[in-house]
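Here is the structure we will look at, set down as structure tokens.
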Amino acid sequence: MADSPSYLKAAFLLPANLVGLLTAGASALMTGEPLPALVALGVEGLYLGIVPSMKRFQRAIRANHAAEEAPEAGRKEVETLLAALAPSQREHYQALVGLKEKILENYRRLPAGRVLSTDSGPRLDALLTSFLRLVSALNHHRAYLNSADRQPLEKELRELEAEVAQEANPRLKDVKEKRLEILRKRLSRFEQAGESREVVSHQLAGIEDLMRLTHEQSITIRDPETVNRQLDVVSAEVEATDETVREMERLLDFQEEVGRPLPHGTRVR
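Structure below.
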């Protein structure tokens, strides 16, 4: 497991913070007065006591940290996810990649543009990765829903419920009740998968809308702080979509409920 990022270290190493400290130190050296340096140290202590604990700051650092961890593995994951997409889905993705490049180009024209571009790239990449994972999850759910017919399952469930209600043999009734529980879980998963598919469809549209909005705002934006607020929104969206993917993966994981199957050919004694 990768080490967790140090929020305190990340806050200290922010370019704006380092520039402020260097400016205060240079001022103290040039004037021979220690007051600017002492004031800067006091402000720095307050800054390091507040900023590392801010949720928005932590989200941004986690996004950057994740992007920096094992970049080769990340590239392979993107290639694998892309290879499984339909041509129209790849076109959507490539359009978003084009928007990302335009956004970064616009950021580079701002004051401290290199820093903004460097900070923005990993977060926008994380959003694009979330887009790919969501599309992949959506495709899996479509395949799942298409592979099962709900009406026969509902009919089988009703018939078995009627049998259980009339069964007099305790042993047979117990077996049928266990089978009935499995059928109900299957039907429940079927319903949840349908709901999740709709949620993912809206989240995918939301990511596209967010990328377009960020691009439109990057054309006219002049304040780097506004860029940081936009990137906070991007990081929050990444966390939301990743949680949806995890929920959908748990939904389709049947092993935890039906147990691990024996390998074919295993002799049971």
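Take the sequence shown: its letters are residues 1 to 269, numbered as in full-length UniProt numbering. Ideal Cβ positions, reconstructed from N, Cα and C, are used throughout, including at glycine.
CA-CA distance, residue 109 to residue 118, rounds to 13 Å.
With fewer than 16 other Cβ atoms inside 10 Å of its own Cβ, residue 158 counts as exposed. In this model, residue 154 and residue 219 are separated by some 54 Å (Cα to Cα).
At the C-beta level, residue 120 and residue 104 come within 8 Å of one another. Taking residue 225 as reference, the option from 57, 246, 89 and 88 with the minimal CA-CA separation is 57. Only residues of its own chain outside the window of five on either side were considered, and among them 122 have a CB closer than 6 Å to the CB of residue 64, listed in chain order. Straight through space, the alpha carbons of residue 88 and residue 228 are spaced by roughly 32 Å. Of the residues 32, 34, 40 and 49, the one whose Cα lies closest to the Cα of residue 9 is 49.
With respect to the C-alpha of residue 184, the residue from 97, 152, 204 and 95 having the closest C-alpha is 152. With contacts defined by Cβ atoms closer than 8 Å, residue 186 and residue 142 do not form a contacting pair.
From the listed residues 156, 164, 210 and 202, the smallest Cα separation to residue 128 is found for 210.
Sorting 59, 82 and 170 by C-alpha distance to the C-alpha of residue 238 places 59 at the top.
In this structure, DSSP gives residue 6 a state outside helix and strand, which the three-state scheme calls coil. By the C-beta density criterion, residue 133 is buried, having at least 16 other C-beta atoms within 10 angstroms. Annotation: the region 139-202 contains the following complete segments of the alpha helix (DSSP H) (minimum length 4 residues), in chain order: 150-166. Between the alpha carbons of residue 126 and residue 95 lies a distance of about 16 Å. A residue is called buried once 16 or more other Cβ atoms fall within 10 Å of its Cβ, and residue 13, having fewer, is exposed.
Within its own chain, the residues whose Cβ lies closer than 8 Å to the Cβ of residue 84, once the five positions on either side in sequence are excluded, are 136 and 139, listed in chain order.
Excluding residues up to 5 positions away in sequence, 176, 179, 180 and 183 lie with their Cβ nearer than 8 Å to the Cβ of residue 160 in the same chain. Per the C-alpha coordinates, the member of 203, 191, 102 and 234 positioned closest to residue 215 is 102.
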